[in-house]
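J.:
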Amino acid sequence: MSGPKDAGGLPEVTIDGDALVLASVASPAELDLLTDWLRAQRAAHPEARIEVIELPADEPPPGVIASLVEELESGDDRAVVPARVFWVPGGLPTRVKIVGLISGRDTYRPPEMLQRRILRRDRSRAKVVAGEPAKVSELRQQWQDNTVGDSPREFARFVLRRASLAIERMELRLLGPEYKSPRLIKPEMLASSRFRDGLEQIPGATVDKAGEMLDELATGWSRFSVDLMPNLGRAIFSRGFDPNVDYDPAEIETLRHALERHPAVLLFSHRSYLDGAIVPVAMQENRLPPVHTFAGINLSFGFMGPLMRRSGVIFIRRKLDDPLYKYVLRQFVGYIVEKRFNLSWSIEGTRSRTGKMLPPKLGLLAYVADAYLDGRSDDILLQPVSISFDQLHETREYAAYARGGEKTPEGLSWLYNFIKAQGERNFGKIYVRFPAAVSMREYLDVPQGDGDHDESVKRLALQKMAFAVAWRILEATPINATSLVSALLLTTRGVALTLNQVHHTLQDSLDYLHRKGTPVTESTRRLRTLDGVQSALDALSGGNPVTRIDGGREPVWRIAPEDEHEAAFYRNSIIHAFLETAIAELALMYACRAEGDRLEAFWSQAMRLRDLLKFEFYFADSGAFRENIAAEMAWLDDWEARVCAGGADLDAMLHEMRPLMAHAMLRPFFEAYEIVADVLREAPPQIDEKDLTQRALGVGSQRAAQRLVRSNEAVSALLFATARQVAADQGLLDPAPDLTERREAFLVELRGILGDMNRVHLISRQHFLEREAAAQAAADPTV
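Residues 756 to 1538 (our numbering) are what the sequence shown spells out, left to right.
Pasting the structure below:
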């Protein structure tokens, strides 16, 4: 019964047989529009038998349900045609729309008292939209296959839900994919035979309790929220950032085509509370389908709760210890995936307070995997999303955490202070990247529809998928100027550098990034010039963490000891780009002092360093890691033979390696490990985490005061938490006969690594002096 397309590009539905029109009308003006449309249909097809049931905007009364039951019994070949008045967006004041959004009303449907006046002025503001017809026999078969209903009234309600969804699909084609949103989640799920069967297996579970939990999870996008929330998010971050987010257009088009074929989970890196606002902005700006973002229920405070729920946010409990809640959440995720809506959350689970990516969280990902394994989709895409910033005001908060501070609880006053801080100064640009998606089908290569999945196999596949996503995020994240300059100034231990010194010291790092093909920002490319370096320094010294010192012959810049934790956040965000070369440097230095087979010592130490740092950074698997280290060394001629030769050859190789990065990137982590290892030497066999952290903070503060550690940033509760994981992994937190000896050996090993790092730093210092002399000679040939 589909004919030519109308002016909006939709197939125009015509009625030319026995049909039942389910017409949603909510006002006299809408009834007039519907009447005109039906009159046109009957005039065009006088032979057609058309019956109409008018449906109110809210829950149909029993009399309407009874009429529908009677009409559905009149013949299985009858076509059911849903129809509704569609109001073209526009015309209402924003304040009215905001009130409607919070209250849950249709924010684009004009108030009833204004509708006739609007239509007299502009008849095109509203039109009747008809959904794709379906035969009663087809609907009855779907009902029997998918629900537990067994009465004519339940069938009638099922037909109403199908009609509503059919209309939503047609309106979506008018509005565009960015307005796509799930509807009728609760009634559809509660009527599902799949859902009811599982519910019966949970002791004490009831349909009412499950319904309350679905209300708690409820989400959706109204037309207005699709427009409002990205604009609101943009208004917040634009107070301190360039409002033009930096995208890769080719990645956007690839993502657009991928989302047309499969549902996706957008997994983003998490450095700021802004991340949750930036993803909807990115989707809206690029006319991509909206995402439904998971957030902790602690963020559902004040008016923000209902506002965010109607803007695609799904609030979940922090503790999933209720079997019924876990089941409802799992089925909720499965429903969203089956209906091909997109989900989003941080793959790290929470904000990184150190700047480097945290280990991935697998909880929600396991529910998505269950949906795939249950046959709800032929594939689900895990879409990595890299979000990075030139600067963040939250780094001050993170520095306080590192010194042992507590998190500020979220609330309206917290939100006010966050938005206020966002407008304090210019924080630069925001960069969003969408690298290639990870296919769930490729990792979960097991027959679908089999409920008895091997959990250990599934968990291993989940870990591999999550690491693949995180790895792609890291590879796609562009290196910015803020991080490179911060990394450089942190190595000087508070000694100030001139503009020229910063400029010529950065060039080796820029050469390395270019050689490796690492993505960089425009601000990083500009570091090739003095003006670009000046801009980066000015941006960092507009506030913490860089201090500019004037009054001498020329300005100089430094990072003061009290600002090192804040600067470390930026440096940590780029360690991944230099991690393998830094490990190669330390392995080479270890080979210098090793006895016997030096090449074997090199590889042994490289793998050992990988093991010690595995809780801090993402690494390729063992085989790929060895290949990557070999590729780093391949820049040196005949490197394996020279390592075996030892002596002057090894020393010459270290001088040839540029840039030398081990001290700049890894020192704080090993210094933090060494502090914890020193504390453990005198600690009881079993010591709780809080006690260990407090002791380490005390010892670390003393060492920093005595300048026995190179950087204050090593004295960090955040780094000590990872150091404790390393100690536990080495078996140093459990009683054992040789525990004292092994703790002592671990401390000696760490001090050996730090000694190697000191030697790398000395060679790097020689590089600096050589560049300094060359720069002076170029400026004044008489020198």
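Virtual Cβ for every residue (Gly too), placed ideally from N, Cα, C.
Find out if the Cβ-Cβ distance for the pair L1137, V1193 is shorter than 7 Å.
T.: Translated into positions along the sequence shown, residue 1137 becomes position 382. Translated into positions along the sequence shown, residue 1193 becomes position 438. Yes, Cβ-Cβ distance for L1137 and V1193 is below 7 Å.
J.: Output the residue ranges of the beta strand (DSSP E) runs that lie fully inside the region 1227 to 1266 and measure 3 residues or longer, sorted by chain position.
T.: As far as the region 1227 to 1266 is concerned, it has no whole beta strand (DSSP E) run of at least 3 residues.
J.: Beta-carbon separation of A834 and V776 under 7 Å?
T.: Against the sequence shown, residue 834 aligns to sequence position 79. Against the sequence shown, residue 776 aligns to sequence position 21. Not in contact: A834 and V776 (Cβ atoms no closer than 7 Å).
J.: According to the Cβ coordinates, are D831 and V891 closer than 7 Å?
T.: Counting from 1 along the sequence shown, the entry for residue 831 is found at position 76. Counting from 1 along the sequence shown, the entry for residue 891 is found at position 136. Yes.
J.: Once DSSP output is grouped into helix, strand and coil, what is the label at N1097?
T.: Stepping through the sequence shown from its first residue, residue 1097 is reached at position 342. The answer is strand: DSSP assigns N1097 an E or B state.
J.: Classify L1022: buried if its beta carbon has 16 or more other beta carbons within 10 angstroms, exposed otherwise.
T.: In the sequence shown, counting from the first residue as 1, residue 1022 sits at position 267. Looking at its Cβ environment, which holds 16 or more other Cβ atoms inside 10 Å, L1022 is buried.
J.: With DSSP as the reference, label K890 as helix, strand or coil.
T.: By one-based count along the sequence shown, residue 890 stands at place 135. Correct three-state label for K890: strand.
J.: Return the bridge partner residues of K882 from the DSSP annotation.
T.: Looking up residue 882 in the sequence shown gives position 127. Beta-bridge pairing links K882 to F841.
J.: Specify whether the region 997 to 1010 and the region 952 to 966 touch according to this definition: at least 3 beta carbon pairs, one from each stretch, less than 8 Å apart.
T.: No, the region 997 to 1010 does not touch the region 952 to 966.
J.: So the alpha helix (DSSP H) F1370 belongs to, where does it begin and stop?
T.: Mapped onto the sequence shown, residue 1370 falls at position 615. That residue, F1370, is in no alpha helix (DSSP H); it is neither H nor E in DSSP.
J.: Can you tell me where the beta strand (DSSP E) with Q1441 in it begins and where it stops?
T.: On the sequence shown, residue 1441 is found 686 positions in, with the first residue counted as 1. Neither: Q1441 is in no beta strand (DSSP E) and is coded neither H nor E.
J.: Of all the alpha helix (DSSP H) runs that stay within the bounds of the region 945 to 1024, which reach a length of 4 or more residues?
T.: Within the region 945 to 1024, the complete alpha helix (DSSP H) runs of at least 4 residues are 948 to 954, 962 to 972, 978 to 992 and 1004 to 1016.
J.: Can you find the residues in the same chain that come closer than 6 Å, C-beta to C-beta, to E785, ignoring five residues on each side of it along the sequence?
T.: For the purposes of this step, residue 785 is taken as the residue at position 30 of the sequence shown. Excluding sequence neighbours, E785 sits near V840.
J.: Is the CB-CB distance between E1340 and L1405 below 7 Å?
T.: The residue given as residue 1340 occupies position 585 in the sequence shown. The residue given as residue 1405 occupies position 650 in the sequence shown. No, they are not a contact pair.
J.: Would you kindly work out how many angstroms separate the C-alpha atoms of G1249 and R1072, rounded to a whole number?
T.: Taking the first residue of the sequence shown as 1, we reach residue 1249 at position 494. Taking the first residue of the sequence shown as 1, we reach residue 1072 at position 317. One C-alpha to the other measures close to 44 Å.
J.: Would you call the region 1425 to 1439 and the region 1261 to 1275 touching, i.e. three or more CB-CB distances under 8 Å?
T.: No: fewer than three Cβ pairs fall under 8 Å.
J.: Please identify the residue among V824, D1366, R797 and R1280 whose C-alpha is closest to the C-alpha of I808.
T.: Translated into the one-based positions of the sequence shown, residue 808 becomes position 53. Answer by Cα proximity: V824.
J.: Keeping to the same chain, check which residues put their C-beta closer than 7 Å to that of T1253; ignore five residues upstream and five downstream.
T.: For the purposes of this step, residue 1253 is identified with residue 498 of the sequence shown, where counting begins at 1. Counting only Cβ-Cβ distances below 7 Å, and skipping sequence neighbours, we find E1309 and V1311.
J.: Out of A921, L1463, S1328 and D787, which one is the CA nearest neighbour of R1506?
T.: The count along the sequence shown starts at 1 and reaches residue 1506 at position 751. It is L1463 whose Cα lies nearest to the Cα of R1506.
J.: Determine the extent of the beta strand (DSSP E) in which Q796 is found, giving its start and end residues.
T.: Reading the sequence shown from its first residue, position 41 is the one you call residue 796. Q796 -> not in any beta strand (DSSP E); alpha helix (DSSP H) instead, spanning P783 to A799.
J.: Classify P942 as helix, strand or coil using the three-state DSSP reduction.
T.: On the sequence shown, residue 942 is found 187 positions in, with the first residue counted as 1. P942 falls in the helix class under three-state DSSP.
J.: Put W1169 into one of helix, strand or coil per three-state DSSP.
T.: Locating residue 1169 in the sequence shown gives position 414, where the first residue counts as 1. Helix, per DSSP.
J.: Any contact between the region 1383 to 1393 and the region 1473 to 1483? By contact I mean 3 or more CB pairs, one from each, below 8 Å.
T.: No contact exists between the region 1383 to 1393 and the region 1473 to 1483.
J.: Rounded to a whole number of angstroms, what is the C-alpha to C-alpha distance between H1259 and H1331?
T.: Here residue 1259 corresponds to residue number 504 of the sequence shown, with the count starting at 1. Here residue 1331 corresponds to residue number 576 of the sequence shown, with the count starting at 1. The alpha-carbon atoms of H1259 and H1331 are separated by roughly 23 Å.
J.: Which residues in the same chain as V1301 place their Cβ atom closer than 7 Å to its Cβ, once the five residues preceding and following it in sequence are excluded?
T.: Along the sequence shown, read from residue 1 onward, the residue named residue 1301 stands at position 546. Answer for V1301: L1244, L1292, L1295, W1312 and I1314, listed in chain order.
J.: So what's A1530 in DSSP terms, helix, strand or just coil?
T.: For the purposes of this step, residue 1530 is taken as residue 775 along the sequence shown, with counting starting at 1. If DSSP states are grouped into helix, strand and coil, A1530 belongs with the helices.
J.: When DSSP labels each residue in this structure, what does L1029 get in the three-state scheme?
T.: Indexing the sequence shown from 1 puts residue 1029 at position 274. It is coil, neither helix nor strand.
J.: So for I770, helix, strand or coil by DSSP?
T.: Within the sequence shown, numbered from 1, the residue matching residue 770 stands at position 15. Coil at I770, not helix or strand.
J.: Using the beta-carbon count (16 or more within 10 Å), is G886 buried or exposed?
T.: Position 131 of the sequence shown, counted from the first residue, corresponds to residue 886. So G886 counts as buried.
J.: DSSP state of L1405, grouped into three classes?
T.: Your numbering for residue 1405 matches position 650 in the sequence shown. It is helical.
J.: Mapping DSSP to helix, strand and coil, what is E806?
T.: In the sequence shown, residue 806 corresponds to position 51, counting from 1. It is a strand residue.
J.: Flag this pair as yes or no: are the beta carbons of G1089 and R1131 separated by less than 7 Å?
T.: Counting from one through the sequence shown, the residue named residue 1089 turns up at place 334. Counting from one through the sequence shown, the residue named residue 1131 turns up at place 376. Result yes, Cβ atoms of G1089 and R1131 sit closer than 7 Å.
J.: Just to confirm my understanding: we take L1325, look at its own chain, exclude 5 residues before and 5 after, and list those with CB closer than 7 Å. What are they?
T.: By one-based count along the sequence shown, residue 1325 stands at place 570. One detail in the question is off: residue 1325 reads as Tyr in this sequence, not Leu. Contacts found: G1110, T1237, S1238 and S1241.
J.: Rounded to whole angstroms, what's the CA-CA distance from L945 to D952? Just pull it up for me.
T.: Here residue 945 refers to the residue found at position 190 of the sequence shown. Here residue 952 refers to the residue found at position 197 of the sequence shown. Rounded to whole angstroms, L945 to D952 spans 11 Å at the Cα level.
J.: Using only the alpha-carbon positions, how far apart do D1030 and Y1186 sit?
T.: Walking along the sequence shown from the start, residue 1030 turns up at place 275. Walking along the sequence shown from the start, residue 1186 turns up at place 431. Approximately 11 Å between the Cα atoms of the pair.
J.: When you compare each of V1434, Q1262, Q1531 and M868 to T1495 by their alpha carbons, which one comes out closest?
T.: Against the sequence shown, residue 1495 aligns to sequence position 740. Comparing Cα-Cα distances from T1495 to each of V1434, Q1262, Q1531 and M868, the minimum goes to V1434.
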